[in-house]
Amino acid sequence: MHPNISSKKVRLNVQIPFELKDKLHWASTIEGKKMSVLVRESIEQELRRIEKKVFEEKMKNAYLDLAQENLEISKDFEYPDAENL
Numbered sequence: 249m250h251p252n253i254s255s256k257k258v259r260l261n262v263q264i265p266f267e268l269k270d271k272l273h274w275a276s277t278i279e280g281k282k283m284s285v286l287v288r289e290s291i292e293q294e295l296r297r298i299e300k301k302v303f304e305e306k307m308k309n310a311y312l313d314l315a316q317e318n319l320e321i322s323k324d325f326e327y328p329d330a331e332n333l
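Residue numbers for the sequence shown, in my numbering: 249 to 333.
The structure is reproduced here in structure tokens:
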């Protein structure tokens, strides 16, 4: 996820439905990976998705704020010729 984060591992106990465990076991067999690796990769992928969503929302809000500011500035120049009369 973040390459500069220490790779020190911690244990995390999670309860999941039995059916999900069966699917996880099936996927680990197909992928040739340990279940813990698949779980870690899935968590990392979901966290990246959330980070991207938050970033995109921040960018959208910044763009909308800037657009509003540009509209307000353009109003200052709406009738420049009228001032010269």
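All C-beta atoms in this analysis are idealised placements derived from N, C-alpha and C, irrespective of residue type, glycine included.
Whole-Å CB distance - residue i paired with residue j, under 8 Å assumed
{"i": "L272", "j": "M283", "result": "5 Å"}
{"i": "E292", "j": "L286", "result": "In fact, because the Cβ distance is near 11 Å, the residues do not count as touching under 8 Å."}
Residue i - DSSP class collapsed to helix/strand/coil
{"i": "Y327", "result": "coil"}
{"i": "S322", "result": "helix"}
{"i": "Q263", "result": "coil"}
{"i": "S219", "result": "Because the chain is modelled from 249 through 333, residue 219 falls outside the range shown and cannot be assessed."}
{"i": "S255", "result": "coil"}
{"i": "M249", "result": "Below a pLDDT of 50, predicted positions are generally treated as unreliable, and M249, at 45, falls in that range; no measurement from the model is reported."}
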